[in-house]
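Peer 1: In the working numbering, the protein residues as written are 740 to 1018. Have a look at this one before I ask anything.
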Ligand SMILES: [Fe+2]
């Protein structure tokens, strides 16, 4: 294995509108994605792949996907995209004809070999519905894809979290057949991370014995309402994305997820002077 870690960036829930239109009448998702792309391009250690884990646009129509492509054009890194509940499979497939989606019925599943790891992306969207569910073909494709190796670590990406977050109105839309996904993962210990989106805020837990995360959004967050009596709402919190850094080693090595805020911040300042003295 190489010494350099493999870095997978994850951005999620872009909710791109037509030019000049704000999401929910409040949020400039165009400016947010522009800032996010600039932040990815200026990382000191360029990611090997950028995963976009769903909700690329907001109210799926061709104009929104056209605008999305314009905003992604400056991205200097390869990317892989799967749909969320705000996407349309046919429009997304047409917008990104170079994505190697597996021909498993309508679902847009794919796998990318990135150095010593496999990045597996599955489509949890249900046409016309907000909740997530993996269809039979996707579950079979995932099982076969993970069975293709017993040695390569695999990272799994999907839009809908297969676990509850405590935000009731979002949990109602989570992956309905999470048990089916768990059964597949338990058969394949090389799956080392389950990374989702949909909630627009960073979370960390375990699922089927595997580390599981949710990636924040570059624009707006679902408000942290742990009281089910509160009305569903959004909040424009500090934008961010995730970097999943994969280190080689015994037993599939390790994966560390870094939370990366988007923006210009004071620093960096060195800790030490040239003579080694602590400043
Ligand atoms: Fe979203």
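Ideal Cβ placement from N, Cα and C applies to all residues, glycine included. Please read all numbers here as calculations on a predicted model, not as lab measurements.
Just tell me which of 880, 797, 945 has its CA closest to the CA of residue 830.
Peer 2: Position 91 of the chain shown, counted from the first residue, corresponds to residue 830. Taking only the C-alpha atoms, the option nearest residue 830 is 797.
Peer 1: By alpha-carbon positions, which one of 995, 761, 774 ends up nearest to residue 943?
Peer 2: On the chain shown, residue 943 is found 204 positions in, with the first residue counted as 1. Nearest option by C-alpha distance: 995.
Peer 1: Which of helix, strand or coil does DSSP assign to residue 757?
Peer 2: Counting from one through the chain shown, the residue named residue 757 turns up at place 18. DSSP places residue 757 in coil when its eight states are reduced to three.
Peer 1: If we ignore side chains and look at the alpha-carbon of each, how far apart do residue 741 and residue 857 end up?
Peer 2: Indexing the chain shown from 1 puts residue 741 at position 2. Indexing the chain shown from 1 puts residue 857 at position 118. Residue confidence for residue 741 is low, a pLDDT of 48 falling below 50, so the modelled location carries little weight; the figure read from the coordinates is stated next. Each residue's alpha carbon lies about 15 angstroms from the other.
Peer 1: Residue 741 by DSSP, collapsed to three states: which one?
Peer 2: For this step, residue 741 is matched to residue 2 along the chain shown. Caution is warranted here: a pLDDT of 48 is assigned to residue 741, below 50, making its placement in the model unreliable, and no coordinate value can be reported.
Peer 1: According to DSSP, residue 963 sits in a beta bridge with which residue or residues?
Peer 2: Position 224 of the chain shown holds residue 963. DSSP, once it has assigned bridges, lists no residue as partnering residue 963.
Peer 1: Decide if the stretch 966 to 979 is in contact with the stretch 762 to 770; the criterion is three or more beta carbon pairs, one per stretch, under 8 angstroms apart.
Peer 2: Counting Cβ pairs under 8 angstroms, three or more are found: they touch.
Peer 1: Within this structure, are the beta carbons of residue 848 and residue 880 separated by less than 8 angstroms?
Peer 2: One-based indexing of the chain shown puts residue 848 at position 109. One-based indexing of the chain shown puts residue 880 at position 141. Yes; because the gap between Cβ atoms is below 8 angstroms, this pair is in contact.
Peer 1: Going by DSSP, name the residue or residues bridged to residue 821.
Peer 2: Stepping through the chain shown from its first residue, residue 821 is reached at position 82. 792, per the DSSP bridge assignment.
Peer 1: Please confirm if the stretch 980 to 989 is in contact with the stretch 958 to 969, defined as three or more CB-CB distances below 8 angstroms between the two stretches.
Peer 2: Too few Cβ pairs lie closer than 8 angstroms, so no.
Peer 1: DSSP three-state label for residue 873, please.
Peer 2: Within the chain shown, numbered from 1, the residue matching residue 873 stands at position 134. Residue state, collapsed to three classes: coil.
Peer 1: Quick check on residue 804: buried or exposed, where buried means 16 or more other Cβ atoms within 10 Å of its Cβ?
Peer 2: For the purposes of this step, residue 804 is identified with residue 65 of the chain shown, where counting begins at 1. With 16 or more Cβ atoms within 10 Å of its Cβ, residue 804 is classed as buried.
Peer 1: With distances taken from CA atoms, which of 851, 892, 920 is nearest residue 876?
Peer 2: The residue given as residue 876 occupies position 137 in the chain shown. With distances taken between Cα atoms, residue 876 lies closest to 920.
Peer 1: Quick check: does the Cβ of residue 823 come within less than 7 angstroms of any heavy atom belonging to ligand 1?
Peer 2: Within the chain shown, residue 823 is the residue found at index 84, counting from 1. The answer is yes for residue 823.
Peer 1: Could you spell out the range, first to last residue, of the beta strand (DSSP E) harbouring residue 942?
Peer 2: On the chain shown, residue 942 is found 203 positions in, with the first residue counted as 1. Looking at the DSSP string, the run of the beta strand (DSSP E) that includes residue 942 is 942 to 946.
Peer 1: With residue 925 as the anchor, note down where its beta strand (DSSP E) starts and where it stops.
Peer 2: As a first step, residue 925 must be located in the chain shown, where it is residue number 186. That residue, residue 925, is in no beta strand (DSSP E); its alpha helix (DSSP H) goes 917 to 926.
Peer 1: Taking a cut-off of 5 angstroms, which residues have a beta-carbon closer than that to any heavy atom of ligand 1, in chain order?
Peer 2: Working through the chain, the matches are 752, 794.
Peer 1: Residue 890 to residue 924, Cα distance in whole Å?
Peer 2: Reading the chain shown from its first residue, position 151 is the one you call residue 890. Reading the chain shown from its first residue, position 185 is the one you call residue 924. Rounded to whole angstroms, residue 890 to residue 924 spans 15 angstroms at the Cα level.
Peer 1: Would you please verify whether the beta carbon of residue 977 is less than 8 angstroms from any beta carbon of chain C?
Peer 2: Looking at the structure shown, chain C is missing, and only one protein chain is on hand.
Peer 1: Quick check: the Cα distance between residue 799 and residue 839, rounded to an integer number of angstroms?
Peer 2: Within the chain shown, residue 799 is the residue found at index 60, counting from 1. Within the chain shown, residue 839 is the residue found at index 100, counting from 1. Cα-Cα distance, rounded: 21 angstroms.
Peer 1: From 872, 816, 930, 946, pick the residue whose C-alpha is nearest to that of residue 790; which is it?
Peer 2: What you label residue 790 is simply residue 51 of the chain shown in a count that begins at 1. When only C-alpha atoms are compared, the closest one is 816.
Peer 1: Kindly identify the DSSP beta-bridge partner or partners of residue 993.
Peer 2: On the chain shown, residue 993 is found 254 positions in, with the first residue counted as 1. According to DSSP, which records beta bridges pairwise, residue 993 is partnered with 986.
Peer 1: Could you tell me which residues DSSP puts in a beta bridge with residue 857?
Peer 2: Locating residue 857 in the chain shown gives position 118, where the first residue counts as 1. 852, 893, per the DSSP bridge assignment.
Peer 1: Go ahead and pull the three-state DSSP assignment for residue 974.
Peer 2: Counted from its first residue, the chain shown places residue 974 at position 235. Of the three classes helix, strand and coil, the one that applies to residue 974 here is strand, per DSSP.
Peer 1: From the DSSP output, read off the bridge partner residues of residue 842.
Peer 2: One-based indexing of the chain shown puts residue 842 at position 103. Answer is 847.
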